[in-house]
Amino acid sequence: DLEIFAANGHVLDNVLDIDQSTSYGQRNLLFRNDSGRLAEVSAAVGPGFALERVSRGSATGDYDGDGDPDLLVFNSGQPLSLLRNDQGDANHWITIQLAGVNGNPNGIGARLTATSGDLVQTRELRGSRSYLSQSQLRICLGLGKRPQLDVLEVRWPSGRVEQFGPFAANQAIALVEGEGISAASDPP
């Protein structure tokens, strides 16, 4: 299930009553999707969520190369915060890098449907997700205990639909529209 992250820092409902340059720090929030219900889990995931910052944006990416999405938070007048996803569990993963054709070299707008056993996930590659921020243009898919990704369907922005797989878990895959696999890392 996907989580929701909220970058906080001075909610602006009272900005007209005070100096517009006034701001104050707040804790950022992380919500876990638990079967369709959101549960706030910020306090349980590490000390980075206890910091009170004036956060303005965030970008996700696998910054440490371990297969799970990490979070880079942009703070106003303060250093960046890198919140590494170090859960340490033994769940499996796949990351997908896309390369489109005809003026869309990053495949932005592609829709991916990944099937692994009973698990079906859908993702869309987006060019922007947060204020003044750009996330890594790589899709991270969690597979849980499933040892492989059975089928990956890519609906490219051009309208082309391609299917790939199966892929062993715990590797990075690079796909080129109309050409197939351009690179794959060896699973550990």
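Position one of the sequence shown corresponds to residue 1 (our numbering), numbered consecutively onward.
Glycine is no exception: its CB is placed at the ideal position from the N, C-alpha and C atoms.
Taking the C-alpha atoms as reference points, what is the distance between residue i and residue j?
i: Asp70; j: Asp64; result: 8 Å
i: Ala43; j: Ser76; result: 22 Å
i: Glu40; j: Arg32; result: 6 Å
i: Gln26; j: Thr122; result: 32 Å
i: Cys140; j: Tyr24; result: 33 Å
i: Ala168; j: Gly107; result: 23 Å
i: Gly48; j: Arg37; result: 24 Å
i: Ala6; j: Gln78; result: 17 Å
i: Leu119; j: Leu80; result: 35 Å
i: Asp1; j: Gly180; result: Residue placement at Asp1 is poorly supported in this model, since its pLDDT is 48, which falls under 50; the coordinates still yield a value, given next. Roughly 28 Å between the two C-alpha positions.
Could you tell me the boundaries of the beta strand (DSSP E) in which residue i lies?
i: Asp34; result: 29-34
i: Asp5; result: Note on identity: in this sequence residue 5 is Phe, with Asp being the wrong assignment. Here the beta strand (DSSP E) through Phe5 covers 3-6.
i: Gln121; result: 119-124
i: Arg155; result: 151-155
i: Phe164; result: 161-164
i: Phe74; result: 70-75
i: Ser81; result: 81-83
i: Ile139; result: 138-144
i: Arg56; result: 55-61
With residue i and residue j assumed to form a contact (beta carbons below 8 Å), what rounded beta-carbon distance in angstroms separates them?
i: Ser55; j: Asn8; result: 6 Å
i: Gly127; j: Asp150; result: Contact flag wrong, Cβ pair sits at about 28 Å.
i: Ser130; j: Ala184; result: Not a contact, Cβ separation roughly 30 Å.
i: Thr95; j: Asp62; result: 6 Å
i: Gly103; j: Leu125; result: Not really, about 15 Å apart at Cβ, beyond 8 Å.
i: Gly57; j: Ser133; result: 4 Å
Secondary structure at residue i, three-state DSSP: helix, strand or coil?
i: Ala44; result: helix
Are the beta-carbon atoms of residue i and residue j separated by less than 9 Å?
i: Glu52; j: Leu30; result: no
i: Leu143; j: Trp93; result: yes
i: Leu112; j: Leu137; result: no
i: Arg160; j: Gly178; result: yes
Taking only beta-carbon positions, decide if residue i is within less than 9 Å of chain C.
i: Thr122; result: The question asks about chain C, but that chain is absent: this structure has only one protein chain.
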